[in-house]
Amino acid sequence: MIMADEERKESPLAQASGGGGPSGPAGNSQAGVGPGAMDISRRTAAGCLCAIMLVCGLLLAKQIVCFRIASADACVYYIPLAQKVEEGKWNQTRLPSIPPLYPMLAGLTARFFVSSDMPSIAGAQAVNSVSLLLTVLLIYLLGTSAFNRRVGLAAAGLAGLNPWMIKFAASVGPETLYGLLLTALAMILALYRRRPDLPGAVMTGVMAGLAMLTRSEGIVMVPVAGAVVLYFSLAKMKRQKSLVVRNFLIMFLAAGAVSLPRLAYIYEQTGYCVPDVRLAPYLGGRNVDLMQWPSPLLADAISPDDVARLDPAGWKSAAQAGPSASPDDYPGLRIRWADVWESLVMVIGPAAWLFAIVWFSLRAGLPRRGGEQTVIGLVLLAQLGLVVLAIVLPFGLNKLDRRYVVPIAALAQLWGALGMVGLAERLRNLSGLPGRLGRSIPIQLAAMWLLLAGLACWSVFMENAGVRHADLAELGRHARSMETTFEPVVLASSPETACYAGGRLVSLREVNNGAVDVSPRALAAICRSSRADYLVVRSDDVWCEWLALILKMGFVPPRAVDAVTVCPPAGRRPDKSQSPGKSYLLDAHIMADFLDLMSP
């Protein structure tokens with residue numbers, strides 16, 4: 132099982148570089164003095180990798196089974212767009228603010244789940260699950276090619292059993308697919324460093340273009356990939372400047388060819404040649420009203436101006452509302468260290484950070500392979516750098532969210548794996564018991580599996596994905612189960628019920644234009660003008676506290692109430708935003724008459 136470097140066959144990347152052992156080039160020399168780094172047999176590595184992917188698949192299945200509800204963004208954008216793709220309504224599948232690759236793949240995959248309760252959600256989860264498993268495989272190949280099978284296996288284990296990566300892969304959103312593309316881009320750039328040929332330049336451009344079509348911040352990957360291609364081309368082809376220029380241009384042409392339909396569509400719609408119209412302010416343009424291209428979920432039966440004309444005196448402004456106003460009603464820069472800690476430390480993982488520190492402190496016993504680490508580091512820094520820039524700009528993000536870190540969490544595990552193996556190599560050079568432990572591959576595998584077991588337990592007991600407003604999904608399913616021949620119009624402050632009902636949404640958070648309370652007369656006017664079928668109210672809704680209060684006291688006509696659901700506790704220790712509470716699905720026509728009677 133234990134083989135020295137000179138006894139094993141070199142990996143393709145190592146062969147192209149002239150070897151990874153002590154006799155290799157200076158840049159790949161051993162970081163310390165001692166015997167060649169150990170490795171594990173291909174059979175053992177293959178068996179452990181299969182076991183890691185099996186456990187990853189089981190954790191994904193657990194999370195999907197316990198899946199409660201998609202996020203609000205998913206219900207407004209990704210699920211409705213995927214539904215239109217599934218139905219073949221291609222003219223309704225494009226929005227200037229939503230990169231198209233993920234909802235398109237989710238919609239096409241949903242056609243294989245027609246018997247599911249929600250095919251679009253099943254298709255989106257299938258895309259994410261396959262993306263995570265492929266990411267784990269690519270991380271293993273990248274670690275094995277650049278270092279050895281021990282590093283690749285440890286990196287695959289840390290990535291495949293990362294609780295946050297599993298949680299996002301079981302949800303609905305493009306982060307997992309984006310992470311797969313970033314990992315593939317890093318792998319292709321590492322290969323290009325060894326052999327800067329034309330196919331490598333083409334594949335680099337294609338992968339960077341696909342990343343740009345998956346998440347908006349992927350736009351930064353095109354110039355980063357171009358810079359890496361140019362640098363490695365110059366380093367390897369100093370006397371062939373024409374080939375350097377050719378590869379550089381071909382890379383950008385390939386990225387442009389992939390993204391050209393998207394760029395042409397947005398330019399036609401907005402006049403900006405960007406992959407996402409929300410990037411316009413960052414590039415010196417003006418803010419664009421995204422409501423010009425509403426989501427397929429949103430009903431266009433009423434506008435904020437219409438509501439203001441219905442009952443101008445019926446609205447209570449956010450300033451008048453006082454403590455009941457939500458912090459989200461006040462835009463501005465709000466960077467909290469808790470967000471940074473949860474996003475960077477917890478998503479990447481404390482163990483990965485600890486072993487990464489070990490690697491940078493005790494880099495001994497392994498080839499350094501600075502080129503591969505530089506490539507991976509550039510991809511990581513490009514993603515985080517653009518997110519940080521978007522946070523500090525005045526019209527940017529409000530916080531560092533977990534979804535911006537999850538795509539690069541798999542790549543970050545590689546340094547944790549280097550730390551694990553580097554520490555074992557340092558122990559191997561010692562005498563006595565530590566040396567015997569360092570020279571025992573079975574003991575090292577047992578220690579790795581013990582760590583992975585801890586990650587798996589963390590994932591098993593982690594709170595289920597998307598527990599917030601889980602009751603709203605049940606209300607939507609109840610509405611859809613009723614015998615109707617039309618798309619119900621749902622009047623609500625959150626989109627989940629309308630999405631799961633297969634209907635349209637009139638969003639109270641949009642129509643009240645920042646107000647957080649409304650008079651009975653204004654609410655009745657909204658019910659009638661929006662031609663809503665259902666009115667959804669939670670007992671803890673802040674947009675209409677008086678209505679939540681009278682519902683709780685039982686003053687609403689019973690025939691107006693179609694369903695009452697109690698939200699179950701979210702995980703082991705639900706926070707205040709996930710506390711149990713009643714949600715009401717009300718007949719909007721009956722409620723309009725009732726609200727008129729309540730008006731003075």
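Going by the working numbering, the sequence shown opens with residue 132, and the numbers climb by one from there. Backbone N, C-alpha and C fix where the C-beta goes; we use that ideal spot for every residue, glycine too.
Exercise for the section: Round the Cβ separation of Val552 and Leu497 to the nearest angstrom and send it over; I've been treating them as touching at under 8 Å. Expected result: 6 Å
Handout entry: Coil, strand or helix - Ser430 by DSSP
Key = First, the residue type needs correcting, since residue 430 is Ala and not Ser in the sequence shown. It is coil, neither helix nor strand.
Handout entry: For Leu226: DSSP bridge partner residues
Key = Ile229
Exercise for the section: Report the rounded CA-to-CA distance for Leu263 versus Leu311, giving the unit in angstroms. Expected result: 7 Å
Handout entry: DSSP-derived helix/strand/coil call for Thr505
Key = helix
Practice task
State buried or exposed for Leu485, treating a residue as buried only when at least 16 other CB atoms are found within 10 Å of its CB.
Solution key: exposed
Problem - Simplified DSSP assignment, three categories, for Arg377 - result: helix
Exercise for the section: With distances taken Cα to Cα, identify the nearest neighbour of Ala393 among Leu232, Met684 and Ala719. Expected result: Residue identity differs from the one stated: residue 393 is Arg in this sequence, not Ala. Minimum Cα distance to Arg393 is reached at Leu232.
Exercise for the section: From the DSSP output, in three-state form, read off Lys298 for me. Expected result: helix
Problem - Simplified DSSP assignment, three categories, for Thr266 - result: helix
Handout entry: Which residues DSSP lists as bridging Ser638, in chain order
Key = Ala623
Problem - Residue closest to Gly357, alpha-carbon to alpha-carbon, out of Asp407, Lys369 and Val375 - result: Val375
Handout entry: Paired residues, beta bridge with Ser714 - DSSP
Key = Arg669 and Thr696
Problem - Alpha-carbon spacing of Val333 relative to Val476, whole angstroms - result: 35 Å
Practice task
Starting from the Cα of Leu520, find the closest Cα among Ala543, Pro412 and Trp490 and give me that residue.
Solution key: Pro412
Problem - Backbone CA spacing between Phe379 and Leu361 [nearest angstrom] - result: 6 Å
Handout entry: Backbone CA spacing between Arg534 and Asp170 [nearest angstrom]
Key = 35 Å
Exercise for the section: State yes or no: is the C-beta of Ser247 within less than 9 Å of the C-beta of Ala255? Expected result: no
Handout entry: Rounded separation between Leu341 and Ser390 - CA only
Key = 7 Å
Handout entry: Val282 beta carbon less than 9 Å from that of Ala430
Key = no
Exercise for the section: Starting from the Cα of Ala483, find the closest Cα among Gly291, Thr401 and Tyr323 and give me that residue. Expected result: Gly291
Practice task
Under 8 Å Cβ to Cβ from Ile381, same chain only, skipping five residues before and after it: list those, please.
Solution key: Leu329, Ala332, Val333 and Gly336
Exercise for the section: Answer with buried or exposed for Phe117, where buried requires no fewer than 16 other C-beta atoms within 10 angstroms of its C-beta. Expected result: As displayed, the chain neither begins before 132 nor continues past 731, which places residue 117 out of reach and without an answer.
Exercise for the section: Ignore the nearest five residues each way along the sequence and tell me which others in Ala241's own chain have a CB closer than 7 Å to its CB. Expected result: Ala213, Glu217, Pro250, Ser251, Ala253 and Gly254
Exercise for the section: Would you identify the three-state DSSP class for Val245, choosing helix, strand or coil? Expected result: coil
Exercise for the section: Would you mind stating whether Val258 and Ala237 have Cβ atoms separated by less than 9 Å? Expected result: yes
Exercise for the section: Within the same chain, show all residues whose beta-carbon is closer than 8 Å to that of Met579, passing over the 5 residues directly before and after it, in chain order. Expected result: Leu284, Ala285, Gly288 and Met551
Practice task
Assign Ala82 to buried or exposed, taking buried as 16 or more other Cβ atoms, counted over all protein chains shown, within 10 Å of its Cβ.
Solution key: For residue 82 there is no data in the structure shown, the boundaries of the chain being 132 and 731.
Practice task
Within 10 angstroms of the Cβ of Val196, are there 16 or more other Cβ atoms? Answer buried if so, exposed if not.
Solution key: exposed
Problem - Asp724 versus Pro651 - alpha carbon distance - result: 10 Å
Exercise for the section: Give the range of the alpha helix (DSSP H) segment to which Ala483 is assigned. Expected result: Pro481 to Ser492
Problem - Asp718 classed as buried or exposed, judged by whether at least 16 other C-beta atoms fall within 10 angstroms - result: buried
Practice task
Look at the Cβ atom of Tyr631, then the Cβ atom of Leu603, and state whether they are nearer than 9 Å.
Solution key: yes
Practice task
Give a yes or no on whether the C-beta atoms belonging to Leu606 and Leu622 are separated by under 9 Å.
Solution key: no
Handout entry: Classification of Ser302 by the beta-carbon crowding that lies within 10 angstroms, buried from 16 upward
Key = buried
Handout entry: DSSP-derived helix/strand/coil call for Pro443
Key = Caution applies to Pro443, whose pLDDT of 49 falls short of 50 and renders its modelled position unreliable; the model cannot decide the point.
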